[in-house]
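Residue numbers (mature numbering (1 follows the signal peptide of the UniProt record, and there is no 0)): -22 to -1, 1 to 176.
What follows is one structure encoded as structure tokens, with my remarks underneath.
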């Protein structure tokens, strides 16, 4: 319904704009200097640009609402588990294509919420990619925006992170109660996307 409403709104606005500018007014107005053809064209173009920006903004809000309905809302974010296993980079690209990024827990509460949501949404799944990696420099973990990560939840019982150069991407383990471990980025795993709520 909303997908049909956006184009219809745009057509209606454009039609009204065209109709009102081409139809003579019945009331007497003060005579204003007539804009040149180029100025009128620029004015119409700027109005169309504003309309397209509004349409795109509405599309983004609609997509975010759809994601939030399918996933969960917590901490001014929406989370959505994706059950089709992918390599780390493919998983991140898929999240970006949907308007988000791989989820990055910023504290214990977010990490626990992700763990609990992953358990509920994908029963029987063991682990999920999250948006943390040390691909650029070994031992310096950053999020998908290359910002340093200050919260970690390593599985110390398994001596994580192992520190090997091959294992540069991070997964959250549901069976290990939300603990993290580093893994080869080419491994296939399910993943969790996050979307910031404006």
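Glycine is no exception: its CB is placed at the ideal position from the N, C-alpha and C atoms.
Sequence-distant partners of residue 121 (beyond 5 residues in either direction) whose C-beta falls short of 7 Å from its own C-beta, in its chain, are 82, 109, 110, 127. As computed with DSSP, residue 151 is found in a beta bridge with 105, 157.
Residue 139 counts as buried, since at least 16 other C-beta atoms from the protein chains shown sit within 10 angstroms of its C-beta. By the neighbour-count criterion, in which a residue is buried when 16 or more other Cβ atoms sit within 10 angstroms of its Cβ, residue 69 is buried.
Here the alpha carbon of residue 175 sits roughly 43 Å from the alpha carbon of residue 15. Going by DSSP, residue 96 is part of the alpha helix (DSSP H) stretching over 86 to 99. Non-local C-beta neighbours of residue 119 in its own chain, meaning closer than 6 Å and more than five positions away in sequence, comprise 110, 112, 127, ordered along the chain. No residue range can be given for residue 116, since it is assigned to no beta strand (DSSP E) and is classified by DSSP as neither H nor E. Bounds of the alpha helix (DSSP H) holding residue 74 are 66 to 75.
At least 8 Å separates the beta-carbon of residue 147 from that of residue 133. Shown here, residue 22 sits in a helix according to DSSP, grouped into three states. In the three-state DSSP reduction, residue 168 falls in the strand class (E or B). The residues 156, in chain order, have a CB closer than 7 Å to that of residue 90 in the same chain once the five nearest residues on each side in sequence are set aside.
Collapsing the DSSP output to three states places residue 146 in a strand. If you look at residue 137, you'll find it isn't in any beta strand (DSSP E); DSSP assigns it neither H nor E. By the neighbour-count criterion, in which 16 or more other beta carbons inside 10 Å mark a residue as buried, residue 62 falls on the exposed side.
Between residue 80 and residue 150, the CB-CB gap reaches or exceeds 8 Å. Per DSSP, residue 175 has no beta-bridge partner at all.
Closest in alpha carbon position to residue 52, among 88, 97, 124, is 88.
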